[in-house]
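Numbering (our numbering), first residue to last: 1401 to 1831. Data block below; observations after.
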């Protein structure tokens, strides 16, 4: 993600650097010229990143492999948004710096503004106002996004304003970009980005995102196998199938909207999906009371690339599940039951607080009993030390597949840093 965003920003800067000088630009003094070009560069960065987040927000499945899964795509979306708003704020600060330059160096050498006829000038003024107010709204949106205590369902509705703000920025960029840009690569880049972002914005406003991957079904059963865990089984009539380890967006309540959950069952071709949902917030804590058997459900997906078959040839496979993070591994183990002789060789560490009360230990044990290539170790932290990198005894190349608490995953990743390990972990942070 970091490499991609760095290359993306650098690529935009390179195309900007290739742009020819505007008429009269050479007549300006250095402070005014620096301000002039800084405004264009920061504006290009902000707009190009905003265009990227609009495209990624459409959940383009054809890009999943390139990004390593929709979860990674959304993480890129999030950080691209933070960068975009940061550059937009910097763009605004540069625009406001004219008084500072006048106070320190005077008006001499100020570059002339582009002017058109009365109508064009009025449109340019309108575009400038739209851009300024859009920046204020984006800053407010960033604060609410980073403030995790702000209710998700309210944030979701506020986030629906993003396409409108983006279209305002399209108008801002189209009318305030130098006329000379439109005959150069930088202008062509702007046009392509504006077109792609505008299509994505209209898809969002019309509710078309994920439309082709939506499937309507019913809730077959709801149960609570353990305190704080809700098991939901859904029946879909037109389910296209899924790979073990993938996730979907479940929508039980139109007001609350869709939430991502991993499918905890292998695909049996009957459209039946099982989910094990941990109470981790206001929505999931009340799910067992709010969802009832027989009610309709909309499932969008499947998405995700959490698939052990993507491991490197010859690399040792290590699977680490913690708590309800066992869900993708349940699907993996179920999918291997029909052909146990071809099951991948792996060390599965299932970390629980108490193995005697955990609702999934018996199921995992039974599934692994039929898979001799999968070596199961249950770690019960009420009576033994938590799993560490040293306990895994890694030597040589290894692919580690982890699903569990973020802090636990970060600690394992850091501990495994000294070995030739590829660490696979889904990042369920859609906000």
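We put the beta carbon where it would ideally sit given N, CA and C, even for glycine.
Cβ shell of residue i (< 7 Å), same chain only, five flanking positions each side left out
i, result
"residue 1491", "1439, 1442, 1443, 1446"
"residue 1565", "1534, 1537, 1538"
"residue 1794", "1816, 1819, 1821"
"residue 1601", "1454, 1563, 1566, 1567"
Reduced DSSP category for residue i - H, G, I as helix; E, B as strand; rest coil
i, result
"residue 1655", "coil"
"residue 1735", "helix"
"residue 1624", "strand"
"residue 1453", "helix"
"residue 1401", "coil"
"residue 1728", "helix"
"residue 1519", "helix"
"residue 1771", "coil"
"residue 1525", "helix"
Limits of the unbroken beta strand (DSSP E) element including residue i
i, result
"residue 1758", "Where residue 1758 is concerned, there is no enclosing beta strand (DSSP E), given that its DSSP letter is neither H nor E."
Cβ separation of residue i and residue j, assumed to be a contact under 8 Å, to the nearest whole Å
i, j, result
"residue 1625", "residue 1740", "About 25 Å; that fails the 8 Å criterion."
"residue 1609", "residue 1476", "Incorrect: roughly 17 Å between the Cβ atoms, too far for contact."
"residue 1711", "residue 1799", "4 Å"
"residue 1826", "residue 1704", "7 Å"
"residue 1664", "residue 1628", "Between residue 1628 and residue 1664 the Cβ distance is about 16 Å, and since that is not below 8 Å, they are no contact."
"residue 1593", "residue 1451", "4 Å"
"residue 1618", "residue 1677", "With 8 Å as the limit, residue 1618 and residue 1677 do not qualify as a contact, their Cβ atoms being about 17 Å apart."
Which residues DSSP lists as bridging residue i, in chain order
i, result
"residue 1436", "Bridge partners of residue 1436: none, in fact."
"residue 1592", "Answer by DSSP bridge pairing: none, since residue 1592 is not bridged."
"residue 1750", "1721, 1778"
"residue 1635", "1618, 1672"
"residue 1801", "1719, 1824"
"residue 1649", "1660, 1700"
"residue 1678", "1629"
Sequence-distant residues of its chain with Cβ nearer than 8 Å to residue i (five each side left out)
i, result
"residue 1753", "1723, 1780, 1781, 1782"
Span of the alpha helix (DSSP H) around residue i
i, result
"residue 1482", "1470-1495"
"residue 1571", "1562-1576"
"residue 1815", "1806-1815"
"residue 1502", "1498-1505"
"residue 1791", "1789-1792"
"residue 1464", "1464-1467"
"residue 1690", "1687-1690"
Residues of its chain near residue i, where Cβ-Cβ distance is below 6 Å and the 5 sequence neighbours each way are ignored
i, result
"residue 1449", "1480, 1483, 1484"
"residue 1416", "1441, 1444, 1586"
"residue 1702", "1642, 1646, 1648"
"residue 1764", "1750"
"residue 1775", "1747"
"residue 1720", "1749, 1802"
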